[in-house]
Every structure is written in C-alpha cells, then in structure tokens.
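FYI, UniProt numbering numbers position 753 of the sequence shown as 753, with every residue one higher than the one before it.
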Amino acid sequence: MVLMGDHGGWRLASVFMLRQAGFPIDLLEPLQSPGAVEAVRKLRAAEVELGVLAGDVRALLAGLPEASRVMPLVGQLLPLPPSLLAFATEAADDHMTALLRNYTDHAAQLRADWDSFVAAYERTSSAQREYIASLFRDDIALREVLLLSNDAQFDQLNRWLDTPREGRFDRRARRVTDMLTMYLQRLTTKNETHAHFGPISVGRFDPDATGLSWTAAELSRYSYLSHWAAEEIGRVLSERPELREAVRPRRRPLALSDNGVVHVFASTTNTGFTADWSFDEECRRELGSGERWVFERADGTRTLAELAQEWPEEGAELDRVVEELCTAGLLVAWFEPLLGEADPLPGLRNQLLPPAQEELDRFSGLVGEFGRAPHERRIEVLTELKTAFEGLTGTNANRHAGRHYADRAVLFEECHAPITDLVAGGELTKFVETELAPLYDIVLVGPRMRMRREHAVLADWVSAEFGDDRAVPLVDFYRRFTADRGQIAAHCVEVDAEIADVDDMVATTLAGSSAEDHEVVVPREDIDALLDRFPRTPPAVCNPDVMLAASSVQALDAGDFLAVVGDCHAMRELLTHSSLAPMIGERAPGVVDEMVQLYQGLLEPGEMLCDVVRVHLDKTDAQLSYPLADVEFFGRSGKDRRSVISPSDLHVTASGGRVGLWHARSGQRIRLLAPPASGPSIARDPLAAFSFPRHFGGMPIRGDGHDHLPRLRSGRVVFQRERWLVDAAELAGTGPGGVTKRENAAEMFAAEGLREKRGLPQCVFAKLPGEPKPIYVDFTSPLLVRQLFRLARTSSGTVVLSEMLPGSDDLWLTNGGRRYTSEVRCAVFSSP
C-alpha cells in the first residue's frame, strides 16, 4: 500500500482505473459528409441572396392590390407561378417587373437546388446506413455488443443483418440502422459499460516512475448473473416446501417498532435519477402477540425451522404469521443474494440445501461457459441460460427489452483490457494531485454549501422538536420528519436557490466579460481567490474521470497535454464500490486498506465510519468489502451479522447547534460512506446530513443562467468545456425560408443554421432531457445529425451541447495505429 502525498488540499489514492472505448474512433469517419455541408452552405448563401430580393419585392408591392396574393409566397421564398407572375406584372413598371422576374428566377433555382440536395442527401444517407449495417454484419465484436446490450432483440437483429437488402431501407430498416448508429456513437466516443467493448485497465500512480508505461496482455472477460435475476431465483426457491425451513427471515431494515406499532419507511424512486428520490412512511401496523414475537426475533440469524422450535403460540401457525408480516412489508423471508458481491450465486448457494445447490450450479456453469465460449456458442449458452431462468422463475429473462443502453439482461459482463502493469509516473501523479486540485474544490462548492446549510437546518429542527442532548430513536426521528417534511423542504428550497446563485457567480467570475469568446484563460491566482471565498469543508471524497488530450503517449510523457474532467463523482468511493470493484481488487489487492486509511483521515475524533447496504435497481451491487460495520438499510449484507447494524440501533441527538447520528450499542457517532437514498438533500433523505458532500457527475461548472459558456482553462486544466444551452424546439428541420420540414435533409439544413448562429464546432456531445447519457454529434454526418433531431422531437426543455474535448486528433491511446477514447478514474480525498 502506498499513500500519495498531501498536495493542494487533496490526497491522491495510488490506484486508478483506465477505461477505454472498445472500438476505434475512426469507425465514425465514413459517416462524415463534407460535401453535404458544402451543399447546405451554398443553399444558405442562396437563401440570404434571395431574402434580399424578397425584401425588395415586399417594399415595392406594399399597399398594392396584388400584394395580398404575392406576399405569402415571397414570405416563404417560393417562386411565383406563371399566372400569378403575369397578373402581378400587368400593372407594374419595368423596374418592378424586372425585380419580380429576377426574384422568381432565383426562387425557382433555389427550389431546384433544394430538390437536388434532398435527392443527393438521401443517397448519402442510404450509403451511410449500408455502411452501418455492414459494420455490424461483418464484425463479430460488434455483434457481441448486440448480444450483451440488446439480447431481447438479438435474434431479430441477427436475422436482419444477414438478410440482403440491395440498398433498400424501408421504415424498419431505418429504425434498425438508427439503433445501430446510436450504439456505434457510444462505443467509439464514450465508454460503454459492457465487457470487451468498454474494457478497463488497473493502474497505479508512482511518483518515482517516469512517463506512462504498460505491458501488453490478453483480454480477459468476467461474466456474472445479474443481481435482479438472482433475486428472482431466491424468491422462487424460498417457496419450495423442502427448502422453506432454511430461510432466515429478517426485519425489513426500515420497519421500525415503537411499543408494538411498526412504522415502515422507504426511500423510493421511479427512475433512479437524483431528483426522483422520495422518503416516505409507507405504512404502519399494530402487531399482535404472535406477530410481535416473530418480528423481534427475525434478525436474519435464525432459520424458520429454529423459530418453529421456539414458537410459543398454540393454535396459530408460524408460517401464516410470517406470510402476513411479509405481505405487510415488515419482514423479508426468502433466500436473498448478498449485496456487495459481483457474483450473487455463491452467497445464494450457501443458503440452500444440496438439491437446490445443484440447480444453482447449473446456472454458475452456464455463466462461466458464456465467458469462455466463442461467439456462436455464446449465443447458444445465453439462450440456454435464459430458458433455464424462465423455466425456474416464470419471469422474463429481459428487463426494459429493446431500449438502447437500458436493456438489462439476465447476465452482464466486464473485461480487463489487453493492458497490464499500467504505471503513471511523477509528472502525471503531480498533475492530478496539484494542478487538478482547484477543480475538485470548484465542483464541491455547491455540495459543501448544501451539507453545511442543511446540517444547520436539521440541527435546528431536531433541537426544536426534541430538545438538545436527547437520544431520539430513528423511528421517532423519521415519524416527525415525514410529518414536518414540507417545512424542512421549504428551507431546502432556499438552500437550492443559494447554491444556484453561487453556481452562477462562479461561472460569471471565471468567464469574466468575454462570455462570447470560445476560450477564456483564467489565471490560477484568480481561481485561488475565488475558492478562498468559500470554506473547504466538510471533508469530501471524489472520483474524477480525467480525460487527457494529447497527440501521442510521447506528448503525454513530455507534459504536452490538456486535461478535462468529464465527470467528478462525489459519492461512495467508486473504485471500490461498483461492478468493476472486484476486478480492481484482483489487480490491486491493497486498495481497500488504502481507501479505508484515506477515509479515516476525513473523520472527526470519535466518529465511526460505516458502509451502507442498499439496493441496486439493475445488474449488480458489487463492492469490495471494507473492514467496517454495514448499516443495513435495504438489502442483505454479506458480512457476519455481528458486523451489521440495523437502523433500529441508531438514534439522533442535537447538541450545541449540531446534530449527530449515533450507534446505541457502541455509543459512537456514525459517519456513513453514503446516504441510504441517492439524493444529496435532506429533503429526500434526512440521513444525507451524516455522510459526505454529494455530486453526481456532469460538468464542473453548471452556469444554468448562461446560454453559452466559453472553454474555461487555467494552464493545462480545462475547468469547463465550451458549452451551449439550446431549447429542444430549435432542433427541428427547416428548409429555405424557415419552412418547417420533417425530412432528414431539412434537419441538416437547420443544423448548419444552428452552427452559424451559435458558433458550434463540428463535433459536440448533446445531453437531452430524459436521456441517461450524452450522445455524440458530428455536424458533417447526416446519420448523426438525424439521431440528435430524432431524439429532440420527443424531448422538451433544454439540450446541453458541449465541445468534444479531447478531439479525435488528441487521443493518445492507440492500438495498431488506431485511436481510442479513454478516461482515467482516480480517487482523491480532501486533507483534514
């Protein structure tokens, strides 16, 4: 274990992860069509020229009887038909007649040029669709993308790819190639989340090394049954009579008892997005004597068979009482996969008796074979696995079937890239520790302010409701909180407004008076002066995703690069808390000890650090096991029950203007690695005040009140990519004269107009409302422009456009002479 030094107020963990795109960016080059852009520019120039003539026509005809028939056509830059032209020129003088004929000739030529452009555009689009189809038809690795990302529709897609089309693209073919285009966008310009087309490499920072070095290796894949699938298997098996007695029921963690009345609380979400979380009291139930007996003893350690031996009631069935408590949401009584483990099958298997263990062994065998098999056999194995799963559970083996990026299959896969022994030397280490340090603090200005303000709000409320120095059981705290949530939320709205003002001030201060420039260079001393206006407390941990713009590895080694942080996550430490954590732990076995030591440096004297157990809604909830107690807020911890804390063992105390979360048995104040829910505000999760400042990625500087922010750079650090806010309604196809058109050529025409109006570069990323990930747009590509406008048609609100940085010429990671996008995810902890 190597702890990095303390530089710039932040301490850098020695372990990092390099994530790369699995496919080279040059696969997008055939989608470019500079000729189409040139044609659009000529059309737009002709439109401007015709607009001048149209203005002259309107001026000359103003007030004449003929105007009412001519003006509507002139307003749309349309040619006058011969009959109307003759009628209009009968009473006109020679000058007006010449003007009308000149206008009509130009309008007719523009219309003819437009028709020619539309036809050429459609031919280009069809050729690009054929290219997309041929890529996925001929490249087995791309077919693997479809198998892992969209196996619900894989058979259909597979057949479609293998069916000759002879250049014909009907409605279905366009829909399929749109989907494939969206996949290719993400696979080449971002970092996909599946296996060998988004692999990782584990590296370490070494201040004593030089440059960036690695060793070539073989690609290695890791396949796992999805957590949600293991949950379904556990539920079904728990209903079998021969297995039922082995179930170890436990109280639902947020089912809290108060003198025989159980109150059930829950943090819920419909989408998983931050703003969607809500904390509520779901129900309450007064327990009968038998129910109370079961509820008090259901601690997850005793089996139903053991409880049956102690059952004191006569004439009442234990099974019926357990079933009623489960139905009421007070008890969990089924075989649960253990949260935190990437592979949920071993932990589930250990709860079962031998016959059922053999059934799980079959699933384990199929998942393992899938990871080792060649492509054709993988298709067969996945089919066998899905059939076995559906036969056992009666549940569909796909969730969110067919949705790009969101389809969640019965298994998932991750992969080590063919790069090992990755070492970043002193230059990069120092850069991440020192030059990037102000960026971390800028990102956390708002989250730190929220935690300070909302901690005070909560402390005042607890003191007013319960008095100081009183141990308030969590059930009482939660009950009163939900009753007073409106009052507390009102204070949090004020905090939101204050943070929004600060965000705007930060953006305005850094951009200065040159907000219309493409780049503003900010002196480091100005950034330091800005940060000195805000306390750098509370302590924080964040995981920046650092993208390095350099023409080559040699340029990177020489320090000739720019760095931009695409996302700066402030949640639980993500190298050790994600589906990739087991792979990172395998290659960096000391990472947990190092992270725990760094976390300990954030604590106040006497605080006890605890991890949280909650639920992941999709494929996994993997993490490396910290030598800490788990607070079990939702799912079942895999740790020994003696290392598991129930929420019923917690209480809240206000004292001296502060509020703390305490563990009753140990008498220690608790600091949670993360709140039980996902949101950062106490309005959505009151225990958010007892964690660390939260930031969920996105651009470091929001600047919501600015339609345009220039690139903000200080030295080699890009604090903010150049960014534009565009109303989704602006992304609609138009032809010459501003006439709205739904045809694709009109979208290219409108896109070029938007580029001229807003000064947009050729390549951007677009974040649309409701879309989970940004999409890549090359404005010279008909197919990529189509994807932007297609998504915008079903969106409302603001679309965020940001420049592509690094650009395609600044991708230092190469393989076989081909360039790949990449990012370095590291972990930094603020100094005490």
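Just so it is clear, CB atoms sit at the ideal spot from N, CA and C, and this is done for glycine as well.
- Following the DSSP letters along the chain, one finds V236 inside the alpha helix (DSSP H) bounded by residues 227-238.
- DSSP places S213 inside the beta strand (DSSP E), whose first and last residues are 212-216.
- Taken in chain order, the complete alpha helix (DSSP H) segments of 4 or more residues contained in the segment 15-99 are 34-61, 67-75, 82-90.
- Excluding the 5 residues flanking it on each side, E313 has same chain C-beta neighbours closer than 7 Å at G290, in chain order.
- Straight through space, the alpha carbons of G585 and E594 are spaced by roughly 12 Å.
- Per DSSP, reduced to three states, the secondary structure at K741 is coil, with no helix or strand assignment.
- The residue from A483, V264, P164, V443 with its alpha-carbon nearest to that of A507 is V443.
- Assignment of beta-bridge partners to D545 by DSSP yields D567, R825.
- Residue environment analysis places V261 among the exposed positions, since fewer than 16 neighbouring C-beta atoms fall within 10 angstroms of its C-beta.
- Residue nearest to E296 within the set L325, F481, F16 is L325 (criterion: CA-CA distance).
- Pairing D704 with D810, the inter-Cα distance amounts to about 29 Å.
- Around the CB of L556, 16 or more other CB atoms lie within 10 Å, so the residue is classed as buried.
- Setting aside the 5 residues that flank it on each side, L60 is surrounded in the same chain by M96, each with a C-beta closer than 6 Å to its C-beta; the list follows chain order.
- Close CB contacts of M804 within its chain, under the 8 Å cut and outside five residues either way in sequence, are with T189, P761, C763, V764, F765, Y776 (chain order).
- Within the same chain, G733 come within 8 Å of R742 by CB-CB distance, once the 5 residues on both sides are set aside.
- Residues of the same chain with a CB within less than 6 Å of the CB of F169, apart from the 5 flanking positions on each side, are S126, R129 in chain order.
- For Q153, no beta strand (DSSP E) encloses it, and the DSSP letter there is neither H nor E.
- In this structure, A689 and H455 form a Cβ contact; the two beta carbons are roughly 5 Å apart against a cut-off of 8 Å.
- Counting only runs that start and end inside the segment 680-754, the beta strand (DSSP E) elements of at least 3 residues fall at 711-714, 717-720, 723-727.
- Rounded to whole angstroms, the separation of the alpha carbons of R818 and A550 is 14 Å.
- Classified as buried, H263 has 16 or more neighbouring CB atoms from the shown chains inside 10 Å of its CB.
- G340 carries a strand assignment under DSSP once its states are collapsed to helix, strand and coil.
- Runs of the beta strand (DSSP E) lying entirely within the segment 750-817, each at least 3 residues long, are 763-767, 775-778, 798-803, 813-815 in chain order.
- The way I'd put it, the segment 171-182 doesn't touch the segment 377-392; fewer than three beta-carbon pairs between them come closer than 8 Å.
- Following the DSSP letters along the chain, one finds L531 inside the alpha helix (DSSP H) bounded by residues 524-531.
- Distances from the alpha-carbon of G329 to those of T301, E282, Q351, G340 put E282 closest.
- In this structure, P676 sits near V612, with a CB-CB distance shorter than 8 Å.
- In the DSSP assignment, the residues bridged to N398 are A409.
- Here the alpha carbons of L784 and G365 stand approximately 41 Å from one another.
- Looking from the CA of V118, the closest CA among V410, L161, A39 belongs to A39.
- Taking each of V15, G667, D155 in turn and checking the Cα distance to E376, the smallest one comes out for D155.
- When DSSP states are grouped into helix, strand and coil, A328 belongs to the coil group.
- Sixteen is the threshold: when 16 or more other Cβ atoms of the shown chains lie within 10 Å of the Cβ of T780, as they do, the residue is buried.
- Taking a C-beta distance under 8 Å as the contact criterion, C610 and C568 do not qualify as a contact pair.
- Spatial neighbours of L43 in its own chain (CB-CB distance under 8 Å, excluding positions within 5 residues in sequence) are listed in chain order as L110, D113, W114, F117, P736, F749.
- Residue S257 holds the alpha-carbon nearest to the alpha-carbon of L287 among V592, S257, T653.
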